Amino acid sequence: MSQSVESVVVSVVAEQFDIVTCYQKFLKDDPDLSMPIAAIESLVELIKHTTTLTEFMESLKDASQKLKSSVKNSISLSAGADLFLRFVTRTSHDVTNFEACREHLINSGKVLVEKAAAVREKIGDLGVQFIKDDATILIHSYSRVVMLLLQRAAACKKRFKVYVTESRPLSLGIRAAKVLCKAGIPATVIYDTAVGYIIDKVDAVFVGAEGVVENGGLINAIGTYQLAVVAKAANKPFYAVIESYKFVRLFPLNQYDLPTHTPDLLTFPDLEHHNTESSEDEVIGNYEAINPTVDYTPPDYITLLCTDLGVLTPSG
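Going by our numbering, the first residue of the sequence shown is number 194, and it counts up by one from there.
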């Protein structure tokens, strides 16, 4: 088969397989599945549909980019996709037997996905030591690994209470509070703007993360940075609980270096042409469109990173 014909075969296969639909189905079928692992599973499925070595990496790169473009916040998704692409690059180097290579990549992808649940369990075991008996904990938004950690601490007969920020605009804090209360852990939701009000009652802050960047800082749900600033001002420990597959190759210097940055937020309306007759729903919709969904917390504000690789300092 000529190279041009092989290229056509790969292109047709890529068109027939919808990577975004596959990714969304994985997330829908398993609510506990994280975005990076769903991305890896989707790319493994693409490999199953690939029949030639020619343009193999290009197909994976194109699919990875399509996945990243399909969501507003691709930080976490990118971590998984980039991790798998690096693995594929190392594995497929100088490979002549495509079938053997493909089988190895598929099996390795499956093993990585299977280990994902064990990763959270390990973090839970490591993180329990930071929750003291009769403590009051503050968490932000909803994080699967933070939920597991708190439930693990409760299973160890530790008694503690949890404040949960509402985490606007998605209000995922309400979901977190429901999960905790169902598990028998006293939890109450507070306004995002009430963090300073209750911080003196808090013993420690725990957050998850969309990603850990190269300088040890965090990218997480909007509001994490201001929570970290308040925690440091009040001399409260600030712990980030995160899976190692969310380490990302980014080095932001400030909030505006993030790939999710929306420049429109920093502009002001032209009052001469500003429509003051817009309905409240229209105004809210406009605000939600330009406001960020994640922010960057510099490493100086983070006490420790609790990961499946161990308990690390941000500088580590």
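Every residue, glycine too, gets a C-beta built ideally from N, C-alpha and C. Model, not experiment: these values are computed from the prediction.
Please report the distance separating the alpha-carbon of residue i from that of residue j.
i	j	result
F431	L363	23 Å
A414	E436	16 Å
T506	C499	9 Å
D222	D450	34 Å
Q209	I330	49 Å
A387	I412	22 Å
H242	Y438	25 Å
K261	T214	13 Å
L373	E292	47 Å
L220	A402	18 Å
S235	L443	23 Å
A346	A426	27 Å
N428	V422	10 Å
E251	L239	12 Å
I483	V264	15 Å
G389	S227	31 Å
Q344	N290	47 Å
Taking 8 Å as the threshold (C-beta atoms), are residue j and residue i in contact?
i	j	result
L270	P229	yes
Y335	L365	yes
I212	A256	yes
L253	V281	yes
V400	I332	yes
Does DSSP classify residue i as helix, strand or coil?
i	result
V202	In this predicted model, V202 has a pLDDT of only 39, less than 50, meaning its place in the structure is not dependable enough to derive any value.
H297	helix
A424	helix
G410	coil
D396	coil
L319	helix
K354	strand
Is residue i near the ligand PLP, going by C-beta to nearest heavy atom under 7 Å?
i	result
L260	Here there are no bound small molecules, and the ligand PLP is not part of this structure.
Rounded to the nearest angstrom, how far is the Cβ of residue i from that of residue j, given a contact under 8 Å?
i	j	result
Y489	P445	5 Å
I367	V382	6 Å
V312	D501	4 Å
N317	L278	Note on residue identity: the sequence assigns Gly, not Asn, to residue 317. Contact flag wrong, Cβ pair sits at about 29 Å.
F353	A328	4 Å
I233	T453	Going by Cβ atoms, the distance from I233 to T453 rounds to 21 Å, so no, they are not a contact pair.
Which residue wins for smallest C-alpha separation from residue i, given the options the options?
i	options	result
N408	E307, V487, T214 and D493	D493
V504	V372, V395, T486 and V434	V434
Q322	A397, I495 and G389	A397
K350	R337, I324, A370 and E359	I324
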